[in-house]
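For the sequence shown, the working numbering assigns the number 3 to the initial residue and increments by one for each residue that follows. Positions of the beta carbon are idealized from the N, C-alpha and C atoms, including for glycine.
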Amino acid sequence: MKKFEVIIIGGGATGSCIARDLSLRGINCCLIDRGDIASETSSKNHGLLHSGMRYVIKDFESAVECATENKILRKIAKHVIDDQINHFVSINENEFAYAEKALKAAKKANVYFEEVEIEKLFELEPEITPQVQFAVKTKDSAIDSFRWTIENALSAKFNGATILTYHNVDHLLLTKKGHVRGVKATNLLNKERKKIEAEIVVNAAGPWAGEVAALANIQIPMVPSKGTMVVFGRRICNGGIQRLRPSGDGDILVAHQTTSILGTTSIPVEDPDKAIPTWDEAERQINDFTKVIPSIAQAKVIRLFCGVRPLVEIQGKTGREASRSIILIDHENEGINQVNGFITITSGKLITSRHMAEITADLVAKKLGNKSKCQTHKEPLPGSRGELTSKELLQEFRITPAAANRLIAKQGARAKRILEAYPEDNYTLCECENILASEIRWAINSEFAMTLDDIRRRTRVGMGVCQGTFCAQKIMGIITKEFKLSQNEALKNLESFYQERWKGMNCTGLEGGELDQLELFKTVNWYFAGLKPPYDQLSDKLNE
Numbered sequence: 003m004k005k006f007e008v009i010i011i012g013g014g015a016t017g018s019c020i021a022r023d024l025s026l027r028g029i030n031c032c033l034i035d036r037g038d039i040a041s042e043t044s045s046k047n048h049g050l051l052h053s054g055m056r057y058v059i060k061d062f063e064s065a066v067e068c069a070t071e072n073k074i075l076r077k078i079a080k081h082v083i084d085d086q087i088n089h090f091v092s093i094n095e096n097e098f099a100y101a102e103k104a105l106k107a108a109k110k111a112n113v114y115f116e117e118v119e120i121e122k123l124f125e126l127e128p129e130i131t132p133q134v135q136f137a138v139k140t141k142d143s144a145i146d147s148f149r150w151t152i153e154n155a156l157s158a159k160f161n162g163a164t165i166l167t168y169h170n171v172d173h174l175l176l177t178k179k180g181h182v183r184g185v186k187a188t189n190l191l192n193k194e195r196k197k198i199e200a201e202i203v204v205n206a207a208g209p210w211a212g213e214v215a216a217l218a219n220i221q222i223p224m225v226p227s228k229g230t231m232v233v234f235g236r237r238i239c240n241g242g243i244q245r246l247r248p249s250g251d252g253d254i255l256v257a258h259q260t261t262s263i264l265g266t267t268s269i270p271v272e273d274p275d276k277a278i279p280t281w282d283e284a285e286r287q288i289n290d291f292t293k294v295i296p297s298i299a300q301a302k303v304i305r306l307f308c309g310v311r312p313l314v315e316i317q318g319k320t321g322r323e324a325s326r327s328i329i330l331i332d333h334e335n336e337g338i339n340q341v342n343g344f345i346t347i348t349s350g351k352l353i354t355s356r357h358m359a360e361i362t363a364d365l366v367a368k369k370l371g372n373k374s375k376c377q378t379h380k381e382p383l384p385g386s387r388g389e390l391t392s393k394e395l396l397q398e399f400r401i402t403p404a405a406a407n408r409l410i411a412k413q414g415a416r417a418k419r420i421l422e423a424y425p426e427d428n429y430t431l432c433e434c435e436n437i438l439a440s441e442i443r444w445a446i447n448s449e450f451a452m453t454l455d456d457i458r459r460r461t462r463v464g465m466g467v468c469q470g471t472f473c474a475q476k477i478m479g480i481i482t483k484e485f486k487l488s489q490n491e492a493l494k495n496l497e498s499f500y501q502e503r504w505k506g507m508n509c510t511g512l513e514g515g516e517l518d519q520l521e522l523f524k525t526v527n528w529y530f531a532g533l534k535p536p537y538d539q540l541s542d543k544l545n546e
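See the structure below:
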């Protein structure tokens, strides 16, 4: 039986940030997740580093939190942030009236903005509609939510934390008085069962926080909300474009690496595990956003995806009406059945995950008698320690400029170490995303990646236009060699990856180029690999 001071349930952004914060304070902790790090809500989002402008009218407290954390993350995690120019725009009189109110509130919340001349906006974003009446520049930017979360987990591990991925929490260890003293978990890869003790268990399970709390006979009124997003195969805008109006569906377009992401919806769901995107949800957003960027109607959609927000029902409010403010519950002092040793942290947003971790760790440290202070607001993540340019890499290594730029964008100052570690593998494997074979081996040996999908989250393999059509099997060869997998194990791993990619591709509009891409993906990845193809809409569409 293993014993820790703290167990954190949930390997998303908040859970990983808590593990980092605690480990930097010298607290022995274990982070546990039923899947991989950043495999759910923390990666299924816009990847937007909010400035706070979006929330200044409706959720002022959240706007203040966003503005504060935006500054901190730019210092400690600069390598995972694409410091692009973001614009909020108004395209009619109603939106302009809202903009006037929003800017007054933004000043009070200390949210940075700068008015932009319309002519200048057209120079920066040539595809934007000439109907724009007003625009401001803000500090919103794109953040690699995969790398942000994984970097925090890696930092936690480096500082002594234990990371257990693919471990499902089956039960909480309860005393006769009902107090929590650990967990019983199952390793989902080898079915080994474990009993892990701890003085405190932190519930950071996101939309599943209610299910985890129920294991301690505690009710949390979670109201999960699905957000559907559309991924396009190019950067439609140079930065980010957002509607300066009351929050609604399809308000935000963000340029991400080689793609653009449009979203999002807010649809209540009963079971977060069963949330799926639909083409109707995507099409409504695309049609609405043509009022801002008309050319988006002709842009190639490469996939849809959705994430589930961990909202809590307060005073009957759900969906967009529910506050995104942070909820921290010390169950020892909450409710009729007070439970010692159990804390829940939920709601919030990706950008506030570090702050959520800080207030949680403050509470945990106080309970443990640990007087160390938070360091995460000033201690850079590993990849953000120092500077490294693509020119330096190109002078020393024979790689393409695109590969150098993309590697630095993911790994920051650590990029050189990766190239030095596997010099014989510094060749391109994934041409869509310019990913090197050395990155794959680094992810396996240094970032606890165990599956092809794990590697996708760390490197962006399979996230470009071809969605892994031409690189997945080659990468699976490296995984098979590293883990000494049998043929059946390798094929199962490969098929799981294909199914996940297919799930997001098969619900696109099934027209023109998208239809051709789907058929190519299916032919290469199922028929050539000898795997049984999934049931889908594609065959019916092709036979029409």
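Problem set entry | Residues that Ala38 bridges to, as DSSP identifies them | Here residue 38 refers to the residue found at position 36 of the sequence shown. Reading off the sequence shown, one finds Asp at residue 38, where the question assumed Ala. In DSSP, Asp38 forms no bridge with anything.
Exercise. Since Ser386 is in the alpha helix (DSSP H), which residue starts that stretch and which ends it?
Worked result: Here residue 386 is taken as the residue at index 384 of the sequence shown, counted from 1. No alpha helix (DSSP H) contains Ser386, which DSSP labels as neither H nor E.
Exercise. Nearest-angstrom Cα distance between Gly506 and Gly479?
Worked result: As a position in the sequence shown, residue 506 is number 504, starting the count at 1. As a position in the sequence shown, residue 479 is number 477, starting the count at 1. Those two C-alpha atoms are separated by around 24 Å.
For this session: Report the option in Glu199, Ile165, Leu191 whose CA atom is closest to the CA atom of Leu176.
Result: Residue mapping note: residue 176 aligns to position 174 of the sequence shown, counting from 1. Comparing Cα positions, the closest option is Glu199.
Problem set entry | Span of the alpha helix (DSSP H), counted from its first residue to its last, around Ile304 | Indexing the sequence shown from 1 puts residue 304 at position 302. No alpha helix (DSSP H) holds Ile304; the beta strand (DSSP E) holding it covers 303-311.
Problem set entry | Stretch-stretch touch, CB-based, cutoff 8 Å, three pairs: the stretch 354-361 with the stretch 11-24 | yes
Exercise. Does the separation of the CB atoms of Asn30 and Val182 fall below 9 Å?
Worked result: Counting from 1 along the sequence shown, the entry for residue 30 is found at position 28. Counting from 1 along the sequence shown, the entry for residue 182 is found at position 180. No, they are not a contact pair.
For this session: Determine the closest residue to Ala474 out of Phe450, Glu449, Asn447, Cys434, with distance taken between C-alpha atoms.
Result: As a first step, residue 474 must be located in the sequence shown, where it is residue number 472. Ranking Phe450, Glu449, Asn447, Cys434 by Cα distance to Ala474 puts Cys434 first.
Exercise. Going along the chain, which residues of its own chain have a beta-carbon closer than 6 Å to the beta-carbon of Ile269, five neighbours each way excluded?
Worked result: If you number the sequence shown from 1, residue 269 lands on position 267. Excluding residues within five positions, the ones whose Cβ falls inside 6 Å are Lys228.
For this session: Look up Phe291 in the DSSP assignment and say whether it is helix, strand or coil.
Result: Taking the first residue of the sequence shown as 1, we reach residue 291 at position 289. Here Phe291 sits in helix by DSSP.
Exercise. If Ala144 sits next to Leu51, beta carbons under 8 Å apart, how far is it from one beta carbon to the other, in whole angstroms?
Worked result: For the purposes of this step, residue 144 is identified with residue 142 of the sequence shown, where counting begins at 1. For the purposes of this step, residue 51 is identified with residue 49 of the sequence shown, where counting begins at 1. About 7 Å separates the two Cβ atoms, so the contact holds.
For this session: In the DSSP assignment, find the unbroken alpha helix (DSSP H) run with Phe124 in it and report its ends.
Result: Here residue 124 refers to the residue found at position 122 when the sequence shown is read from its first residue. Element bounds for Phe124: 120-126.
Exercise. Would Ala40 pass as a contact of Arg408 if the rule is Cβ separation under 9 Å?
Worked result: Position 38 of the sequence shown, counted from the first residue, corresponds to residue 40. Position 406 of the sequence shown, counted from the first residue, corresponds to residue 408. Contact: no.
Exercise. Nearest-angstrom Cα distance between Ser541 and Ser488?
Worked result: The residue you call residue 541 lines up with position 539 of the sequence shown. The residue you call residue 488 lines up with position 486 of the sequence shown. For Ser541, the pLDDT reaches just 45, beneath the cut-off of 50, and the residue's location in the model is therefore unreliable, leaving the point undetermined.
For this session: Assign Gln539 to buried or exposed, taking buried as 16 or more other Cβ atoms, counted over all protein chains shown, within 10 Å of its Cβ.
Result: Residue mapping note: residue 539 aligns to position 537 of the sequence shown, counting from 1. A caution first: Gln539 carries a pLDDT of 48, below 50, which makes its placement in the model unreliable, though a value can still be read off. Exposed, because fewer than 16 other Cβ atoms sit within 10 Å of the Cβ of Gln539.
For this session: State yes or no: is the C-beta of Met358 within less than 9 Å of the C-beta of Leu330?
Result: For the purposes of this step, residue 358 is identified with residue 356 of the sequence shown, where counting begins at 1. For the purposes of this step, residue 330 is identified with residue 328 of the sequence shown, where counting begins at 1. Their beta carbons are under 9 Å apart, which means Met358 touches Leu330 by this criterion.
Exercise. Skipping 5 residues on each side, what residues in its chain have a beta carbon closer than 8 Å to that of Glu194?
Worked result: As a working note, residue 194 is residue 192 in the sequence shown. For Glu194, where only same-chain residues beyond five positions count, the Cβ hits under 8 Å are Thr188.
For this session: In the DSSP assignment, find the alpha helix (DSSP H) that holds Arg419 and state where it starts and stops.
Result: Mapped onto the sequence shown, residue 419 falls at position 417. Per DSSP, Arg419 belongs to the alpha helix (DSSP H) from 417-423.
Problem set entry | C-beta neighbour in chain C for Thr354, strict 9 Å | The structure shown contains no chain C, having only a single protein chain.
Exercise. Do you know how far the Cα of Leu496 is from the Cα of Lys5?
Worked result: Position 3 of the sequence shown holds residue 5. Position 494 of the sequence shown holds residue 496. Rounded to the nearest whole angstrom, the C-alpha separation of Lys5 and Leu496 is 36 Å.
For this session: Note down the Cα distance separating His49 from Gly252, rounded to an integer number of angstroms.
Result: The count along the sequence shown starts at 1 and reaches residue 49 at position 47. The count along the sequence shown starts at 1 and reaches residue 252 at position 250. Reading off the sequence, residue 49 comes out as Gly, not His. Each residue's alpha carbon lies about 15 Å from the other.
Exercise. Does DSSP classify Val526 as helix, strand or coil?
Worked result: Position 524 of the sequence shown holds residue 526. DSSP places Val526 in helix when its eight states are reduced to three.
Problem set entry | One or two residues paired with Phe98 in a DSSP bridge | If you number the sequence shown from 1, residue 98 lands on position 96. Answer is none; Phe98 lacks a bridge partner.
Exercise. Helix, strand or coil: how does DSSP classify Arg22 here?
Worked result: Taking the sequence shown and counting its residues from 1, one reaches residue 22 at position 20. If DSSP states are grouped into helix, strand and coil, Arg22 belongs with the helices.
Exercise. Out of curiosity, what's the CA-to-CA distance linking Ala405 and Ala531?
Worked result: Position 403 of the sequence shown holds residue 405. Position 529 of the sequence shown holds residue 531. Looking at the two C-alpha atoms, the distance is approximately 28 Å.
For this session: Take every Cβ of the stretch 380-399, pair it with every Cβ of the stretch 66-84, and state whether three or more of those distances are shorter than 8 Å.
Result: yes
Exercise. Which two residues bound the contiguous alpha helix (DSSP H) that contains Lys476?
Worked result: By one-based count along the sequence shown, residue 476 stands at place 474. Start and end: 474-485.
For this session: Can you tell me which of the three DSSP states Arg195 falls into?
Result: Along the sequence shown, read from residue 1 onward, the residue named residue 195 stands at position 193. Three-state result, Arg195: strand.
Problem set entry | Nearest-angstrom Cβ-Cβ length linking Thr151 and Ser45, presumed shorter than 8 Å | In the sequence shown, residue 151 corresponds to position 149, counting from 1. In the sequence shown, residue 45 corresponds to position 43, counting from 1. Indeed, because the Cβ distance is near 7 Å, the residues count as touching under 8 Å.
For this session: Tell me, please, whether the stretch 97-111 touches the stretch 54-71 by the rule of three or more beta-carbon pairs shorter than 8 Å.
Result: yes
Exercise. Cα separation between Gln397 and Ile446?
Worked result: The residue labelled residue 397 in the question sits at position 395 within the sequence shown. The residue labelled residue 446 in the question sits at position 444 within the sequence shown. Approximately 27 Å between the Cα atoms of the pair.
Problem set entry | Identity of the residue in Met465, Lys373, Asp23, Val185 nearest Glu153 by Cα | Mapped onto the sequence shown, residue 153 falls at position 151. When only C-alpha atoms are compared, the closest one is Asp23.
For this session: In angstroms with no decimal places, state the Cα-to-Cα distance between Asp282 and Ser262.
Result: For the purposes of this step, residue 282 is identified with residue 280 of the sequence shown, where counting begins at 1. For the purposes of this step, residue 262 is identified with residue 260 of the sequence shown, where counting begins at 1. So the two alpha carbons sit approximately 19 Å from each other.
Exercise. How big is the Cα-Cα spacing for Cys239 and Leu255?
Worked result: To locate residue 239, count along the sequence shown from 1; it is residue 237. To locate residue 255, count along the sequence shown from 1; it is residue 253. Rounded to the nearest angstrom, the two C-alpha atoms are 8 Å apart.
For this session: For the stretch 338-418, list the alpha helix (DSSP H) runs that are entirely contained and at least 4 residues long, ordered along the chain.
Result: 355-370, 392-398, 403-413
Exercise. When the Cα of Lys139 is compared with those of Gly212, Leu246, Ile87, Arg443, which residue comes out closest?
Worked result: Position 137 of the sequence shown, counting from 1, holds the residue named residue 139. When only C-alpha atoms are compared, the closest one is Ile87.
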